[in-house]
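The sequence shown begins at 0 in numbering that gives the first Met the number 0 and counts up one residue at a time.
Yeah, the Cβ is synthetic: ideal placement off N, Cα and C, and Gly gets one too.
If you're wondering where the values come from, they're calculated on a predicted model, not measured in any experiment.
Below is one structure, written out as structure tokens; comments come after it.
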Amino acid sequence: MTDFSGVRGKVVVITGGARGIGLATATALQALGAKIAIGDIDETTVKESGAARGFELYDRLDVTDQQSFEAFLDEVERRLGPVDVLINNAGIMPTGRLVDEPDTITRRILDINVYGVILGSKLAIARMLPRGRGHVINIASLAGETHIPGLATYNASKHAVLGFTDTLREEYRGTGLRFSSVLPTLTKTELGSGVTPPKLLRPAEPEEIADAIAKLIVEPRSKVRVTTVAGVISQLVGLLPEAVGDALGRALGAQTAFLDDVDTAGRKAYESRVRGD
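Pasting the structure below:
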């Protein structure tokens with residue numbers, strides 16, 4: 000049984016914390032005694048979520064804007080103390096064929112999912128290095144170690160997060176800083192709305208991702224995959240010959256899950272919000 004006493008008193012910053020995995024993680028870590036600061040581009044929702052749960056700090060945060068991110072971290076450290084854990088969770092997942100993806104959406108995915116993670120990590124490292132301690136946890140995806148039609152740019156962004164985080168782990172080895180990636184399967188949040196999961200792969204609950212993150216804080220590892228079954232299948236497909244792995248993916252329904260099988264009506268609200276319509 001995991002001892003979560005090491006979470007108590009830690010100052011934890013979570014981006015994209017207004018809803019979904021970010022909010023579930025903030026709620027779980029608060030229950031374990033952490034001091035929670037959530038930021039989100041959706042100012043109304045982040046303030047509603049933070050106030051309802053009594054988090055120590057909640058405010059607007061644009062992870063693609065250095066001034067916004069720096070000011071947010073400054074406020075966290077002024078009010079709560081030095082940041083112990085930064086969870087780069089903010090991310091978007093528009094679906095569809097690449098040829099139909101507007102350039103503005105391509106750039107938006109990369110700005111939030113990649114640049115936001117790089118910027119947040121850079122700012123956190125600068126604060127953590129002088130203290131010789133700190134943990135950066137980047138929310139990637141199982142899509143970051145496979146390929147899923149309908150998610151080409153999203154796939155690329157999550158592959159980038161994995162490579163980036165692994166590099167930081169080696170670049171700062173011996174400094175006292177920790178770096179971890181979390182690779183969720185399709186999760187029951189607004190991000191996954193309207194999507195039918197491939198066969199054998201049940202969608203994860205956001206609380207499962209939150210629990211995995213809590214365990215990472217007290218028992219740091221380079222990567223954790225959620226769910227276990229989805230993680231095993233993802234790794235297995237990567238080890239198989241290309242033709243066999245692709246055929247297995249098609250057999251599981253991955254070829255159409257994020258394209259023809261999407262419930263466009265059920266997904267309309269999310270797509271409209273993340274696309275800025």
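By the C-beta density criterion, Ala51 is exposed, having fewer than 16 other C-beta atoms within 10 angstroms. With fewer than 16 other beta carbons inside 10 angstroms of its own, Val243 counts as exposed.
A contact between stretches requires three or more CB pairs, one per stretch, nearer than 8 Å, and the stretch 72-83 meets this requirement with the stretch 30-47. With contacts defined by Cβ atoms closer than 9 Å, Val261 and Thr94 form a contacting pair. The C-alpha of Phe257 is placed about 24 Å away from the C-alpha of Val223. As the crow flies, the alpha-carbon of Gly5 is around 19 Å from that of Glu55.
Sequence-distant partners of Ala151 (beyond 5 residues in either direction) whose C-beta falls short of 7 Å from its own C-beta, in its chain, are Leu97. Boundaries of the alpha helix (DSSP H) harbouring Pro205: Pro205 to Val217, taken from the DSSP string. In the three-state scheme derived from DSSP, where H, G and I count as helix and E and B as strand, Pro129 is classed as helix. For the set Asp2, Ser180, Ser156 and Leu199, the Cα lying nearest the Cα of Leu251 is the one of Leu199. Counting along the chain, Ile232 sits inside the alpha helix (DSSP H) bounded by residues Thr227 to Leu238.
Going by C-alpha positions, Ala123 is about 32 Å away from Pro101.
Scanning the stretch 84-118 for uninterrupted alpha helix (DSSP H) segments of 4 residues or longer gives 102-109, listed from N- to C-terminal end.
For Tyr153, the enclosing alpha helix (DSSP H) starts and ends at Ala151 to Glu170. Ala36 carries a strand assignment under DSSP once its states are collapsed to helix, strand and coil.
For the set Leu190, Thr263, Gly230 and Ala17, the Cα lying nearest the Cα of Gly143 is the one of Gly230. Bridge pairing for Val181: Ile138 and Val223 [DSSP]. Per DSSP, Ile13 lies in no alpha helix (DSSP H) segment; the continuous beta strand (DSSP E) that holds it begins and ends at Val10 to Thr14. Beta-bridge annotation (DSSP): Arg59 is paired with Asp39.
Within a 10 Å sphere around the beta-carbon of Val12 sit 16 or more other beta-carbons, which makes this residue buried. For Asp73, the enclosing alpha helix (DSSP H) has its first and last residue at Gln65 to Arg78. Looking from the CA of Pro148, the closest CA among Gly248, Phe3 and Arg274 belongs to Gly248. Beta-bridge pairing by DSSP links Leu176 to Gly133. Residue pairing for Thr186: DSSP places it in a beta bridge opposite Ala203. Taking the C-beta atoms as reference points, Ile136 is found nearer than 9 Å to Ser179. Between Gly15 and Val62, the CB-CB gap stays under 9 Å. Note on geometry: alpha-carbon atoms of Ile108 and Asn88 lie some 13 Å from one another. Arg266: member of the alpha helix (DSSP H) spanning Thr263 to Arg274, first to last residue. For Leu22, the enclosing alpha helix (DSSP H) covers residues Gly19 to Ala30.
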